[in-house]
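Peer 1: One structure coming up, written as structure tokens, with questions to follow.
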Amino acid sequence: LRHLARGAAAAPRPRPSLALPSRAAMDMGGGGMGGGGADPSRMMDQVRAEMSQHFAQEFLNQMRDKCFEKCITRPGNSMSSGESACVTRCFDRYEDATKAVAKGLSN
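Structural data, given as structure tokens:
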């Protein structure tokens, strides 16, 4: 995650919306998920994978935005060493918190 700190000075991006195919489109085999008589369990696996990817991206965007807000005092072309260290610590804290939550949920 530390390599993402370099991009922390970028302006926050608008959040993408998650648009799932309608039930009718899924029943008819539409929705851009293979068409025809696609296997429902395969379609659900694909939906789960896409949702997982979306939530991971959303988490990274949130982490970037929060750390930028907390650490970058004067946005510019480069970060000071203090800002860079702050962003790195912020990312590390998010990563540690995520691991702790995941560990707690798995027990």
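Under my numbering, the first residue of the sequence shown carries the number 418, and numbering increases by one thereafter.
Cβ coordinates follow ideal geometry from the N, Cα and C atoms, glycine included.
Note that the coordinates shown come from a computational prediction; the quantities given were computed from them, not determined experimentally.
So, under 8 Å CB-CB, Cys503 and Lys520 are touching, yes? Tell me the CB distance rounded to an integer number of Å.
Peer 2: In the sequence shown, counting from the first residue as 1, residue 503 sits at position 86. In the sequence shown, counting from the first residue as 1, residue 520 sits at position 103. So it is not a contact: roughly 26 Å between Cβ atoms.
Peer 1: Does DSSP classify Thr515 as helix, strand or coil?
Peer 2: Here residue 515 refers to the residue found at position 98 when the sequence shown is read from its first residue. Thr515 falls in the helix class under three-state DSSP.
Peer 1: Please classify Arg481: does DSSP put it in a helix, a strand, or coil?
Peer 2: Translated into positions along the sequence shown, residue 481 becomes position 64. If DSSP states are grouped into helix, strand and coil, Arg481 belongs with the helices.
Peer 1: When you compare only the Cα positions, how much space is there between Leu493 and Glu512?
Peer 2: In the sequence shown, counting from the first residue as 1, residue 493 sits at position 76. In the sequence shown, counting from the first residue as 1, residue 512 sits at position 95. For the record, residue 493 in the displayed sequence is Gly; it is not Leu. Those two C-alpha atoms are separated by around 26 Å.
Peer 1: Should Ala428 go down as buried or exposed, given a rule of 16 or more other Cβ atoms within 10 Å for buried?
Peer 2: Numbered from its first residue, the sequence shown carries residue 428 at position 11. Because Ala428 sits at a pLDDT of 49, beneath the cut-off of 50, its placement in the model cannot be relied upon, and the following sentence gives the value as read from the coordinates. That one is exposed.
Peer 1: Pick helix, strand or coil for Gly493, following the three-state DSSP scheme.
Peer 2: Numbered from its first residue, the sequence shown carries residue 493 at position 76. Coil.
Peer 1: Please state the DSSP three-state secondary structure of Ala455.
Peer 2: The sequence position of residue 455 within the sequence shown is 38, counting from 1. Ala455 falls in the coil class under three-state DSSP.
Peer 1: Is it right to say Met496 is buried, meaning 16 or more other beta carbons lie within 10 angstroms of its own, or is it exposed?
Peer 2: Counted from its first residue, the sequence shown places residue 496 at position 79. Its Cβ being crowded by 16 or more others within 10 Å, Met496 is buried.
Peer 1: Is it buried or exposed, Met461, if we count other Cβ atoms within 10 angstroms and call 16 or more buried?
Peer 2: What you label residue 461 is simply residue 44 of the sequence shown in a count that begins at 1. Classification for Met461: exposed.
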